[in-house]
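In the numbering used here, the protein residues as written are 1 to 198.
Each residue gets a CB set at the ideal place from its N, CA and C atoms; glycine is no exception.
In this text the structure is predicted, and so the values were computed from the model without any measurement.
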Amino acid sequence: MLDLKAMRLSGSWVDLEPLDEKHREALRAVSVDERIWTYLPSNDAGAKFDCWFEKAIKGWQEGLQLPFAVINKADQKIIGTTRYYEIAPEHHRLSIGYTWYVQEVWGSAVNPECKLLLLDHAFETLGANRVAFYTDLRNARSCSAIKKLGAVEEGVLRKHMVLEDGHVRDTVVFSIISSEWSGIKTKLIERLATFKVR
Numbered sequence: 001m002l003d004l005k006a007m008r009l010s011g012s013w014v015d016l017e018p019l020d021e022k023h024r025e026a027l028r029a030v031s032v033d034e035r036i037w038t039y040l041p042s043n044d045a046g047a048k049f050d051c052w053f054e055k056a057i058k059g060w061q062e063g064l065q066l067p068f069a070v071i072n073k074a075d076q077k078i079i080g081t082t083r084y085y086e087i088a089p090e091h092h093r094l095s096i097g098y099t100w101y102v103q104e105v106w107g108s109a110v111n112p113e114c115k116l117l118l119l120d121h122a123f124e125t126l127g128a129n130r131v132a133f134y135t136d137l138r139n140a141r142s143c144s145a146i147k148k149l150g151a152v153e154e155g156v157l158r159k160h161m162v163l164e165d166g167h168v169r170d171t172v173v174f175s176i177i178s179s180e181w182s183g184i185k186t187k188l189i190e191r192l193a194t195f196k197v198r
């Protein structure tokens, strides 16, 4: 049974800290880049940020989600956020998402290391059978990043969500299951070895 507790996950490039009030203003400051929100269900920067932040904290308090602030180890600055959600303890499954980073770290070691930390904890500590990822079909960058992790594309949920701007989104579903994790972990570690730690 999945038993999520607030914990810090630490890597070579990033630390993932459970989202807390102390992260609010720094995360607000980096959320203003419009490119972050392009394919997300709503743009929660600016006046809507506090509502987004409080919903994330409430989701954790209610045991529905576990959101993290992503901290750059080189300078201890917040560079984004990610979370566990759709947590189903009885089925030993969860999803990883609500992920965004400042544009400066796109294509760097940040995303693969965040996913390594989250996946490793999900499979090896929490005992997950399945971890899912969902993304907008139009978001080629996100689809490519998830595939590059080694996740299996399971299909498309057609007309799955109505976004804030009225667009009816088709959602791509990916997953990694426990029997695949060992091989995926090895490849992720090898991939991260190609980046230089600053």
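Residue j beta carbon less than 9 Å from that of residue i
{"i": "Y84", "j": "L40", "result": "no"}
{"i": "K55", "j": "V14", "result": "no"}
{"i": "S12", "j": "A109", "result": "yes"}
{"i": "T125", "j": "C114", "result": "no"}
{"i": "R138", "j": "R169", "result": "yes"}
{"i": "I78", "j": "H23", "result": "yes"}
{"i": "G80", "j": "V70", "result": "yes"}
{"i": "R130", "j": "H92", "result": "yes"}
{"i": "A145", "j": "N111", "result": "yes"}
Residues near residue i in its chain [Cβ-Cβ closer than 7 Å; skip 5 each side]
{"i": "A151", "result": "F133, F174, S175 and I176"}
{"i": "C143", "result": "T135 and V172"}
{"i": "M161", "result": "P41, R169 and T171"}
{"i": "V105", "result": "I79"}
Run of the alpha helix (DSSP H) containing residue i, from where it starts to where it stops
{"i": "I189", "result": "S178 to L192"}
{"i": "I57", "result": "F49 to Q61"}
{"i": "D120", "result": "V110 to D120"}
{"i": "A229", "result": "Residue numbering for the chain in the displayed model covers 1 to 198; residue 229 lies beyond these limits and cannot be assessed."}
{"i": "E104", "result": "Careful: E104 lies outside any alpha helix (DSSP H) and carries neither H nor E."}
Start and end residues, beta strand (DSSP E) containing residue i
{"i": "F68", "result": "L66 to N72"}
{"i": "I8", "result": "The sequence shown places Arg at residue 8, not Ile. Per DSSP, R8 belongs to no beta strand (DSSP E) and is neither H nor E."}
{"i": "E25", "result": "Not the beta strand (DSSP E): E25 falls in the alpha helix (DSSP H), residues R24 to V30."}
{"i": "P18", "result": "V14 to P18"}
Nearest residue (CA-CA) to residue i, options the options
{"i": "I57", "options": "P89, W106, D33 and E17", "result": "E17"}
{"i": "A29", "options": "V102, K147 and D75", "result": "V102"}
{"i": "L199", "options": "F53, L94, L27 and D75", "result": "A question about residue 199 goes unanswered here, because the residues of the chain that appear run from 1 up to 198."}
{"i": "L116", "options": "K148, R141, L137 and H91", "result": "K148"}
{"i": "L188", "options": "L64, E90 and D120", "result": "D120"}
{"i": "Q61", "options": "L19, K196 and W106", "result": "L19"}
{"i": "S10", "options": "W52, G63, L27 and Q76", "result": "Q76"}
{"i": "P67", "options": "I96, A47 and H92", "result": "I96"}
{"i": "G107", "options": "R8, L163 and F195", "result": "F195"}
6 Å Cβ shell around residue i - same chain, five flanking residues per side excluded
{"i": "V32", "result": "A45"}
{"i": "F199", "result": "As displayed, the chain neither begins before 1 nor continues past 198, which places residue 199 out of reach and without an answer."}
{"i": "W37", "result": "N43"}
{"i": "Q65", "result": "G59, R83 and Y85"}
Residues bridged to residue i (per DSSP)
{"i": "V152", "result": "S175"}
{"i": "A140", "result": "Paired residues: none, contrary to the question."}
{"i": "A132", "result": "S95 and S175"}
{"i": "V162", "result": "V168"}
{"i": "L157", "result": "T171"}
Chain C within 9 Å of residue i, Cβ atoms only
{"i": "S179", "result": "Judged by its chain identifiers, the structure shown contains no chain C, having just a single protein chain."}
Neighbourhood of residue i by C-beta distance below 8 Å, restricted to the same chain and skipping five residues each side
{"i": "G155", "result": "V172 and V173"}
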